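Everything below concerns the one structure shown next.
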Amino acid sequence: MRFRIYRKSRSLLMLLCLLLIIGPCSLLAGEGHASAQVMRVAVVKEISGTVNVLKSGGAKSFKAFRNMSLNEGDQIATGKDGEVTLSLSSSAADQDEISISTGSQVTFSKMKDSGGAKTKMSVWAGSLWVKVKSVSNASDQFEVETPTSIMGVRGTHFFVKVNPITGKTEVFLAAGVVESTTTKDRHATGDNSDMPNSVTIYPSQQLGEADGDEGLETSVSVVDLSTFVSQASPDLVKAILKDAASIAAEQKQMLDKAKESIGSEPNKDNFGGQIQSPEDLERMVNNLNNLVSIIAKEAIDQKKVAQDVIDQINKESGKKLIDSSTKSELILSEKEKKQQELAAKFEEAQKKAADKKAQEQQQLQQAIQDAIKKAQELRDQQEQANKEALKKQQDQANQTYYNQLTAEEKKRIDENRVSAGLPSIPTKDNTSSGSGSVVSKPTVSLLNNGRSANGVLEGYIDLGLAFKGFTGSNKIMGYQLEVEYDNTKAQFGNSDFDMDPLYYRAGAAGFIVEPESAGTVPGANSVDDYRVVQGTGNTSTLFYSVVKFNGSSVEINGETTLVRLPFLVSAQSYIAGSITFKIKSITAVDENGNPVEVVKGSDITLQVIPRIV
């Protein structure tokens, strides 16, 4: 949403540092030397906690500091404990002031003074209180952009809040006029009736906007000050109270104009037609005169500010600007009461939507973290299995060699191993051939469209990865496969695998994979990953892994294809040839992350027949 308010060398780095330290004075000194286009600057007046600045065109942010200047294109962000107050000024415009609260992100998109003061801020997260003085001529503009619209203001004292999760925007106006403009279809909350693209709000009103299924859902009502204070940070409440005098002065100017416009056609002077009678004017005078005092009373009741803060403000003004013990309340018409009720329902619905979205994001992040952890565990287990297999091969080779030696040679080797702290090599191989029942182990095989091998025409083929016998204690939560092949004869069809992800992954019901390229998959409980690694010579290896992040382990009894792997195979020089796909390794794990012993199926060799054109 946008708010529109009317009103590279060593020497270069040294110059930048000087400008940051000296502030705007160096830019504004010497009226006779002003450039053709006068630039506005924002100066840090007060700062606390974590506040970072990203300069226009920069790649790395740094800590903000008191008296530093921000220019067009700069971005300022506050942390969970960060607060900052900025003053916007130039030689050609009055000073504006912005108080930015915790968890905010603001970019100064436009800061110029030539041909009228033109300021635009983009607010993507957080909340701020803005006091604008620079909009005094028709050519002056002050814009605030948010995810939902553009606000244009004459005056003005107003509050802005943007929810970074949903993009919902809230505006509360204490004095002046704010016009919210959007290019989206705008609908009124409650009855969903059409509204104009531009909506104007007046003092004591609040505006709520959020993207909905049919456009921008909008709520306009008199502010509920108790709810407003409960949601505003203490620093912004203090900023509002400190501006009590200037708020009252601007309100008085508006009320004086309203007296002259009673009963006329709706216009900005009669608050958009709200003041049509002396009774309407009396009600508006009561509401605006008591607005800041009611905020103060609510702030003390909710322990947002202390009484001494208000006492100090009254002392400095020389009169009792704020009555924190006021018994007054905002007087609402029946129409305004109904609008306020709709605003409360709108706020509640948006809160539920934000909570749901935050929970979904949290669950997604957790699922991703769990999947990454499982994938790492699979890789670690595969590495360990590879090490054990290599050791077994080495032991077998040592045993074969040892068995061929003479008794004297064996004795010498045994003595050397004992000296080195190694065990002796057994005289015979440790294998045995006893009788007993044979327990079948789970198997994994590659199939060509359901057949073990066959002649195929060159082009795309689907290799099925078939699992069998994963039952009882061998039920699995995930697996990783390595398939090795000759890359001069075959290429993995990653484009097909990504473009039609659900077809290729439509295996056993136990693994419902949600690929990154498929969006949301109903009932998804698994994630997968693949990569192709170039080996030595003409060999490539496809690594494919799947891990369940939800639900129990999967039982697979009969031969079941869990995934189809597309490959583009080709014949050489129009002559039929063969290509072998080899299961280099297969690792499956149970729900505790323990590996399940798997028997690899034999390699699959296909006869590739060239297409005759």
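Heads up: the sequence shown is residues -29 to -1, 1 to 584, going by mature numbering (1 follows the signal peptide of the UniProt record, and there is no 0).
Backbone N, C-alpha and C define an ideal beta-carbon position, used for all residues, glycine too.
Remember, predicted model here, so these are calculated numbers, not experimental data.
- Out of Asn374, Ile266 and Glu54, the CA that lies nearest to the CA of Val194 is found in Ile266.
- In the three-state reduction of the DSSP assignment, Gly179 falls in the strand class.
- In the three-state DSSP reduction, Tyr474 falls in the helix class (H, G or I).
- The DSSP-derived three-state label of Arg11 is coil.
- A straight line joining the alpha-carbon of Gly449 with that of Ala542 spans about 35 Å.
- Around Glu68, the same chain offers Ser58 and Lys102 as residues with beta carbons nearer than 6 Å, after the five sequence neighbours per side are excluded.
- Comparing C-alpha distances from Ser296 to each of Ala320, Glu269, Phe317 and Val427 shows the shortest one belongs to Glu269.
- Closest by C-alpha distance to Thr198, out of Lys316, Arg388 and Glu185, is Lys316.
- By a beta-carbon distance limit of 8 Å, Val540 contacts Val427. Their separation comes to about 7 Å.
- Linking Lys290 to Ala219 through their CA atoms gives a straight-line distance of about 13 Å.
- Contact check for Arg157 and Thr189: beta-carbon distance about 5 Å, within the 8 Å limit, so the pair qualifies.
- Where Phe317 is concerned, the enclosing alpha helix (DSSP H) starts and stops at Glu305 to Asn374.
- Take Asn528, set aside five residues on each side of it, and the residues of its chain with a beta-carbon closer than 6 Å to its own are Thr442, in chain order.
- Beta-bridge partners of Asp67 (DSSP): Leu59.
- Fewer than three pairs of CB atoms, one per stretch, sit closer than 8 Å, so the region 457 to 464 makes no contact with the region 360 to 373.
- Using a 10 angstroms sphere on the CB of Leu335, the tally of other CB atoms stays under 16, which defines it as exposed.
- In the structure shown, the three-state DSSP call for Asn419 is strand.
- Gly443 sits in a helix when the DSSP states are folded into three classes.
- When the five nearest sequence neighbours on each side are left out, the beta carbons in the same chain lying within less than 8 Å of the beta carbon of Tyr475 are those of Asp433, Asp467, Phe468, Val534, Arg535, Leu536 and Pro537, in order along the chain.
- Contact check for Phe79 against Glu43 passes: the beta carbons are separated by less than 8 Å.
- Assigned with DSSP and collapsed to three states, Lys460 falls in coil, not helix or strand.
- Out of Phe33, Ile384, Val55 and Lys209, the CA that lies nearest to the CA of Asp279 is found in Lys209.
- With a threshold of 16 other beta carbon atoms within 10 Å, Pro397 falls short and is exposed.
- Contact check for Glu429 against Lys553 fails: the beta carbons are separated by 8 Å or more.
- By the CB criterion at 8 Å, Met122 and Val148 fall outside the cutoff.
- In the structure shown, the three-state DSSP call for Phe520 is coil.
- When only Cα atoms are considered, Asn261 and Gln332 end up about 42 Å apart.
- Fully enclosed beta strand (DSSP E) runs of no fewer than 3 residues occupy 531 to 540 and 548 to 560 of the region 526 to 563, in order along the chain.
- Of the other Cβ atoms in all chains shown, 16 or more fall within 10 Å of the Cβ of Ser60; this residue is therefore buried.
- Looking at the DSSP output, Glu188 shares a beta bridge with His158 and Ala181.
- Closest option to Ser40, judged by alpha-carbon separation, among Val15, Asp471 and Glu231: Val15.
- Put simply, the backbone Cα of Thr510 is about 19 Å away from that of Tyr431.
- In this structure, DSSP gives Ala267 a helical state, which the three-state scheme calls helix.
- Burial check for Asp282: the Cβ neighbour count within 10 Å stays below 16, so the residue is exposed.
- The region 511 to 524 and the region 376 to 392 do not touch, with fewer than three beta-carbon pairs separated by less than 8 Å.
- In its own chain, leaving out the 5 sequence neighbours on each side, no residue places its CB closer than 8 Å to the CB of Asn565.
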